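No gaps in the numbering here: position 39 of the sequence shown is 41 in the working numbering, and each next residue is one more.
Glycine included, C-beta positions come from ideal geometry on N, C-alpha and C.
Values in this document were obtained by computation on a predicted structure and should not be read as measured data.
Encoded as structure tokens, the structure appears first; notes follow it.
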Amino acid sequence: MKAAVHVTLKPGVLDPQGKAIHHSAETLGFEGISDIRQGKYFEIEIVDSISESEARNAVESIARDILANPVIEDYTVEILR
């Protein structure tokens with residue numbers, strides 16, 4: 003089993019890296035992009051001996067306590083088969 007965790011900045015939090023990427027995209031001629039926000043993506047391998055609900059609980063804890071800064075970031079957890 004595998005889990006995917008997406009960590010993104012909360013709306014309203016300044017994203018200088020996203021702004022730099024947006025500027026680069028415009029410089030290269032990409033049009034119609036109003037904003038770019040950057041984030042982080044994690045894949046976590048989980049042993050098959052635990053249930054999906056146990057895996058979700060563990061990954062949620064990891065995301066909340068280690069991967070994301072809850073003051074400025076949101077996260078989502080997806081269990082993949």
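Item to complete: Thinking V7 and A65 are a contact (beta carbons under 8 Å), I'd like their distance in whole angstroms, please.
Response: 5 Å
Item checked: Identity of the residue in S26, A70, I35 and E28 nearest Y43 by Cα -> A70
message = Quick check on this structure: which residue in A5, M3 and P13 has the alpha carbon closest to the alpha carbon of E75?
response = P13
- request: Sort L82, Y77, I81 and R83 by Cα distance to V9 and report the nearest one.
  value: Y77
Using three-state DSSP, classify I68 as helix, strand or coil.
helix
- Task: Please report how far the alpha carbon of E54 lies from the alpha carbon of I81, in whole angstroms.
- Result: Taking the straight line from one Cα to the other gives about 7 Å.
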